Structure formats: C-alpha cells, structure tokens
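Numbering (this note's numbering), first residue to last: 93 to 635.
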C-alpha cells in the first residue's frame with residue numbers, strides 16, 4: 093500500500109516543458125543511493141511520467157495507492173477523477189491537523205480486504221468477460237469483474253470467458269499464439285493464459301484423403317469431409333452426372349418425344365428436381381395445397397389431416413376425402429347408451445333417422461307422433477296449477493314423473509305447450525333420463541290473456557273523457573268570441589276617431605219663418621214709414 097499525501101494538484105507528462113525539460117520519463121526509479129536521503133536525481137533531466145506510465149508501474153508491482161489530500165484549496169476532486177485511471181487507488185480527505193490519517197488507512201484497508209476485482213492484460217483479437225455470483229451475495233450470475241463486502245475466507249467463483257473476434261487465421265505464424273495473465277487487483281497471484289489458434293487440420297496431412305470414397309458416390313476424393321469430384325461428376329456428394337441431359341434425369345414424357353421438366357414448377361439441379369414450397373415428389377408432381385376442407389375451419393383437410401399430393405391423409409378418428417367425417421359415435425349416443433335412440437344410423441358423427449317422423453341429434457323427437465305432449469297435458473295442469481280433469485288422488489298416482497321449475501331447461505329436451513279452459517298457455521318439457529324413463533318439467537307460471545275491463549273504471553273513464561272534450565270545446569268557443577268582439581270594438585273605435593259622414597237637411601223639417609210676397613209691391617214707400625209703396629213683402633213668424 094502506497095500513501096500519497098499532498099495539498100496541491102499533481103503533475104503529469106508535458107508539464108516539464110515549462111522548464112524546458114522535454115525528455116520523456118524512462119520508467120526508472122532514479123533515487124539517490126541509500127544514505128543520501130533517497131532524493132530523486134533526474135528532476136531536471138526527465139519530464140514527469142504520464143498517467144499511463146504510473147498505471148503500468150502500479151499494476152506491475154501490485155500496489156494500492158491512497159491519495160490523502162488536504163482539500164482546503166479544492167484539489168481533492170482532481171485526484172478523485174484520477175482513480176478510474178489507476179486501478180486499486182482511493183482518494184480521501186486529510187483533516188487540517190492530519191489526525192485522521194490512521195482512520196483513513198484502516199478504512200481503506202478494510203475496503204481492499206473485502207473487495208475482489210479481476211483484471212487482465214489485453215488479449216489481441218480476443219474479447220474477455222468475467223461472470224460471478226459473488227459467493228451468493230447476488231441473486232444470479234451476471235457479467236461482473238468486481239465483488240464487494242466479501243468476508244475473510246469466503247470463497248468466490250469467477251468465470252472467465254474469451255471470444256475470438258477474427259474471421260481467419262493470421263498469416264504470420266508468430267501471431268497465432270496470444271499470451272496474457274489474469275489476476276486479482278492488488279495481489280501477486282496470477283493466472284497465465286496462452287491462446288493458440290488452430291489453423292491447420294490433421295485431415296490435410298499426407299495420406300489422410302480417401303480416393304473414390306463411398307461418401308462421394310465413389311466418384312471423388314474425400315478430404316477433410318469435403319468431396320473433390322472426378323471428371324464428369326459434380327455436387328456435394330459427387331452424385332451429379334453432368335453427362336446426362338435434363339430430359340433424362342428430370343423429365344416426364346407420355347409420347348417419348350415431348351418432356352416436361354419437373355412438372356413445370358421446379359428446377360432441375362444435379363439431375364434432381366428442386367421443388368418450390370408446397371410441391372413434393374421426384375418430379376414435383378405433388379401439390380400439397382390442393383386439398384379441400386377450407387369451408388368451416390379455414391384449414392386444409394379441415395384441420396384433421398395432412399394434405400399429401402392433393403389428397404387428405406386423415407388423422408386417427410376421421411375419414412372422408414377432406415377428413416370432415418368423425419368415426420366416433422359419441423355425438424350420436426343418448427344418455428341411455430343407445431345410438432340414435434335405435435331409430436337411425438350414425439353417419440359422420442350425425443344421426444340419420446330411419447323414419448322421417450323422427451328428428452333431433454339422437455332421433456329422439458317425433459313432432460307428428462301423438463306422443464308425450466298430448467299425454468301429459470292433464471298431469472301438467474294438476475301438478476303445476478292444481479286444476480284440470482284429474483283429481484288430487486289421481487294426480488298423485490299418475491303424475492309422479494312431473495315436477496315444476498321457474499325456468500325450463502333448453503338442452504336435449506322437447507318443449508310442449510297448450511291452452512287450458514281459461515285460455516291461459518301452459519308450457520312444459522319432457523326428456524328421457526339415463527334409464528330411459530320419462531321426465532316432465534312444468535313451468536310454474538302460465539301466460540293468460542288480459543281479462544275484461546271493470547265497468548266502473550270504464551264509466552268513469554268515458555265520463556271524464558266527455559267532460560274534458562266539452563270543456564275543451566267551451567274554451568275554444570270562448571276564445572273565438574273574444575277574438576271577434578275584440579275585432580269589432582277595434583273597428584268601432586277607429587270609425588269614432590276618424591268620422592267620414594256627410595251633412596244633409598232633414599226632409600221633414602219645416603222652418604219657423606214663412607215669407608209671403610205682397611202683391612202690392614209696386615206701391616212706393618212713404619218717407620216716414622212703410623206705406624203702400626214700401627211694403628213689398630210680409631214676413632210671418634210662427635211660434
């Protein structure tokens with residue numbers, strides 16, 4: 093462990109140029125002999141070492157460095173940034189009175205003791221990775237080269253993986269061997285690794301090749317697993333006779349003259365037909381998508397077989413040209429174990445009834461037969477609604493197979509319905525159980541038509557309607573008369589304000605003044621009063 097204490101920044105390669113020192117450092121010690129205060133003697137001759145040179149010297153000698161820095165001037169951060177470039181280095185802050193130096197050394201030593209970090213020299217053309225679970229301290233093995241907080245004596249397993257990243261062997265034989273070492277950081281123990289490229293095969297040695305090998309169709313030499321064909325032959329196995337024509341090897345003919353090469357869908361390569369997808373056969377004559385069965389399932393052969401050469405090869409349990417016919421009779425078997433109720437044949441998983449009067453999945457229904465619907469009406473009435481032709485005693489004796497439910501079953505049953513004397517509809521179902529015994533279920537509610545309306549309610553309704561209609565008509569009449577009166581009054585007011593009457597003399601009116609002409613109007617008047625001369629007329633006034 094090396095402790096480096098300082099209160100200033102550090103120097104590195106290039107800083108010596110300020111003093112005219114340009115000679116690079118030679119990675120030698122250059123300390124004065126013992127007895128001369130171990131003083132560095134080449135400070136005016138050699139430049140400062142580079143960070144890479146310091147790293148190499150520390151790594152080669154497995155030294156752990158502690159940078160103890162007085163941070164009053166803020167120089168600690170410079171050394172913190174230096175830690176990643178120098179493996180195994182730490183930076184701690186020194187107190188003003190330097191009393192924490194022992195604590196720093198103790199803490200750093202504990203970190204070093206509980207940490208394992210694997211490093212290695214670079215391999216040329218090889219990528220390296222470390223994998224570890226850190227002795228179970230993490231949940232799974234991941235890529236990591238460092239494990240922390242390790243107890244003393246605890247074993248830690250590391251896996252070292254190497255990946256070659258070149259495509260061909262180096263031409264230079266000396267470059268075919270790579271050497272490096274792997275070691276825990278800060279420890280002298282190391283593992284030397286020598287990697288040698290295997291570029292030459294033993295099969296290329298003289299005498300290893302096999303002439304006319306059976307693996308090469310006896311038409312070539314087998315060398316390192318590869319066939320080298322004789323003249324006139326080609327192919328990976330020397331099985332291509334290039335002296336024959338395509339018509340001879342890949343053609344089909346019906347007249348011996350015209351040939352069809354690979355059914356016009358494939359290619360003739362090396363005397364054999366290379367067929368496209370969905371075609372097989374020596375001459376690509378089989379189209380494996382030419383089968384039916386798309387309807388309903390959308391799959392060839394209805395998904396129940398394989399299409400081979402345009403024909404369906406059905407899976408077990410199916411037959412038919414498109415594998416649409418199941419051979420099982422399970423769907424045709426009723427609850428009592430009989431097939432199609434002994435009234436038909438099971439064909440492709442479905443019942444074909446012998447008698448046209450029967451129908452249903454198991455030929456269990458006969459709508460035209462005078463069957464159980466008619467026979468069980470009386471029981472349905474007495475059990476479901478305590479009514480009908482049967483007495484209570486007869487109902488209990490004859491209708492033990494009848495029960496009631498709020499909701500009728502709907503699967504594998506026959507539904508019946510009829511009307512009782514009150515016009516109400518009664519519904520029930522019947523079926524046969526596993527022992528082929530009749531079972532009837534009656535719906536516990538019946539559907540009845542609406543009854544006649546109540547007379548009082550009807551009379552009140554009619555009376556109310558008549559009253560409302562009369563009231564409505566009265567309101568309409570009042571509204572109309574009010575409108576007409578308003579119009580007449582408005583017209584009268586207009587005429588009063590703007591009269592246009594003429595003035596005429598009353599024909600029966602007689603004036604109170606009557607004038608009579610005096611026949612003696614030629615008598616002159618006297619100067620002193622009316623005389624015979626001045627009295628031309630006389631006026632009489634009536635009172």
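For each residue, glycine too, the CB sits at the ideal point set by N, CA and C. Quick caveat, the model's predicted, so the values are computed rather than measured.
>> For the alpha helix (DSSP H) containing residue 173, name the first residue and the last one.
In response: In this chain, the alpha helix (DSSP H) harbouring residue 173 covers 168-174.
>> Whole angstroms are fine: how far does the CA of residue 422 sit from the CA of residue 502?
In response: So the alpha carbons of these two residues sit roughly 20 angstroms apart.
>> Please return the same chain residues whose Cβ sits closer than 8 angstroms to the Cβ of residue 286, not counting the five positions on each side in sequence.
In response: When the five nearest sequence neighbours on each side are left out, the beta carbons in the same chain lying within less than 8 angstroms of the beta carbon of residue 286 are those of 269, 270, 271, in order along the chain.
> Name the DSSP beta bridge partners of residue 442, please?
Replying inline: Paired residue(s): 439.
> Span of the alpha helix (DSSP H) holding residue 159?
Replying inline: If you look at residue 159, you'll find it isn't in any alpha helix (DSSP H); it sits in the beta strand (DSSP E) that goes 157-161.
>> On the criterion of 16 or more Cβ atoms from any shown chain inside 10 Å, does residue 295 qualify as buried, or is it exposed?
In response: By the neighbour-count rule (16 or more Cβ atoms within 10 Å), residue 295 is not buried but exposed.
> Count the other CB atoms within 10 Å of the CB of residue 584; is the residue buried (16 or more) or exposed (fewer)?
Replying inline: Burial call: exposed.
> Can residue 222 and residue 210 be called in contact, C-beta distance under 8 angstroms?
Replying inline: Between residue 222 and residue 210, the CB-CB gap stays under 8 angstroms.
> Going by Cα to Cα distance, which pick from 251, 102, 360 is closest to residue 175?
Replying inline: Residue 102 is the option with its Cα nearest to residue 175.
> When the Cβ atoms of the stretch 305-313 are set against those of the stretch 245-261, are three or more pairs found closer than 8 angstroms?
Replying inline: Contact check between the stretch 305-313 and the stretch 245-261: fewer than three CB pairs, one atom from each, fall below 8 angstroms, which does not count as touching.
> Which whole-angstrom value describes the C-beta separation of residue 133 and residue 124, a residue pair presumed to lie in contact below a C-beta threshold of 8 angstroms?
Replying inline: Contact flag correct, Cβ pair sits at about 5 angstroms.
>> Extract the residue ranges of the alpha helix (DSSP H) inside the stretch 476-522, only unbroken runs of 4 or more that lie entirely within it.
In response: Correct list: 484-490.
> So, residue 535 versus residue 523, is the Cβ gap smaller than 8 angstroms?
Replying inline: Residue 523 is positioned such that its CB atom lies no closer than 8 angstroms to that of residue 535.
>> I believe residue 184 touches residue 160 by the beta-carbon criterion, under 8 angstroms. Please report the beta-carbon distance rounded to the nearest angstrom.
In response: With a Cβ gap of about 6 angstroms, residue 184 and residue 160 count as contacting.
> Straight-line CA distance for residue 578 to residue 601?
Replying inline: Between residue 578 and residue 601, the C-alpha separation is close to 39 angstroms.
>> Please report the straight-line C-alpha distance between residue 323 and residue 308, rounded to a whole angstrom.
In response: Inter-residue distance for residue 323 and residue 308 is about 13 angstroms (C-alpha atoms, whole angstroms).
>> Would residue 218 and residue 252 qualify as a contact pair, given that the criterion is a beta-carbon distance under 8 angstroms?
In response: No, the pair does not count as a contact, with Cβ atoms beyond the cut-off.
> residue 254 by DSSP, collapsed to three states: which one?
Replying inline: Look at residue 254 here: in three-state DSSP terms it is strand.
> Can you pull the DSSP bridge partners for residue 283?
Replying inline: According to DSSP, residue pairing for residue 283 in a beta bridge involves 274.
> How far does the beta strand (DSSP E) with residue 343 in it reach, from first residue to last?
Replying inline: Residues 343-345.
> Expressed to the nearest angstrom, what Euclidean distance is found between the alpha-carbon atoms of residue 95 and residue 261?
Replying inline: Residue 95 and residue 261: Cα-Cα distance of roughly 47 angstroms.
>> I'd like the span of the alpha helix (DSSP H) that includes residue 204, first residue to last.
In response: Here the alpha helix (DSSP H) through residue 204 covers 193-205.
>> Between which two residues does the alpha helix (DSSP H) holding residue 548 run?
In response: Going by DSSP, residue 548 is part of the alpha helix (DSSP H) stretching over 547-589.
> Are the C-beta atoms of residue 536 and some chain B residue less than 8 angstroms apart?
Replying inline: Among the protein chains of the structure shown there is no chain B, as only one such chain exists.
>> Is it buried or exposed, residue 327, if we count other Cβ atoms within 10 angstroms and call 16 or more buried?
In response: The residue in question, residue 327, is buried, as its Cβ has 16 or more Cβ neighbours within 10 Å.
> What span of residues does the alpha helix (DSSP H) with residue 144 cover, start to end?
Replying inline: Where residue 144 is concerned, the enclosing alpha helix (DSSP H) starts and stops at 143-152.
> Taking just the CA atoms, how far does residue 467 sit from residue 506?
Replying inline: Taking the Cα positions, residue 506 is about 14 angstroms away from residue 467.
> Between residue 508 and residue 521, is the Cβ-Cβ spacing less than 8 angstroms?
Replying inline: In contact: residue 508 and residue 521 (Cβ atoms closer than 8 angstroms).
> Which residues mark the beginning and the end of the alpha helix (DSSP H) in which residue 464 is found?
Replying inline: Residue 464: member of the alpha helix (DSSP H) spanning 464-467, first to last residue.
>> On a Cα-Cα basis, can you pick out the residue from 404, 362, 173 that is closest to residue 381?
In response: Of the candidates 404, 362, 173, the one whose C-alpha sits nearest the C-alpha of residue 381 is 404.
> How many Å lie between residue 512 and residue 500 at the Cα?
Replying inline: About 19 angstroms.
> Using DSSP with H/G/I as helix, E/B as strand and the rest coil, what is residue 108?
Replying inline: Judged by DSSP in its simplified three-state form, residue 108 adopts helix.
>> Suppose the cutoff is 7 angstroms on Cβ atoms and the five residues either side in sequence are ignored; what does the same chain contact list for residue 474 look like?
In response: Cβ-Cβ distances below 7 angstroms link residue 474 to 480, 482, 487, 491 in the same chain, with the five nearest sequence neighbours on each side left out; the list follows chain order.
>> Any contact between the stretch 296-304 and the stretch 231-241? By contact I mean 3 or more CB pairs, one from each, below 8 angstroms.
In response: No contact exists between the stretch 296-304 and the stretch 231-241.
>> Pop quiz: residue 122 and residue 139 are said to be a contact at Cβ under 8 angstroms. What is the actual Cβ separation, rounded to whole angstroms?
In response: Wrong, their Cβ atoms sit about 12 angstroms apart, outside the cutoff.
> Can the beta-carbon of residue 378 be found less than 8 angstroms from the beta-carbon of residue 371?
Replying inline: Yes; because the gap between Cβ atoms is below 8 angstroms, this pair is in contact.
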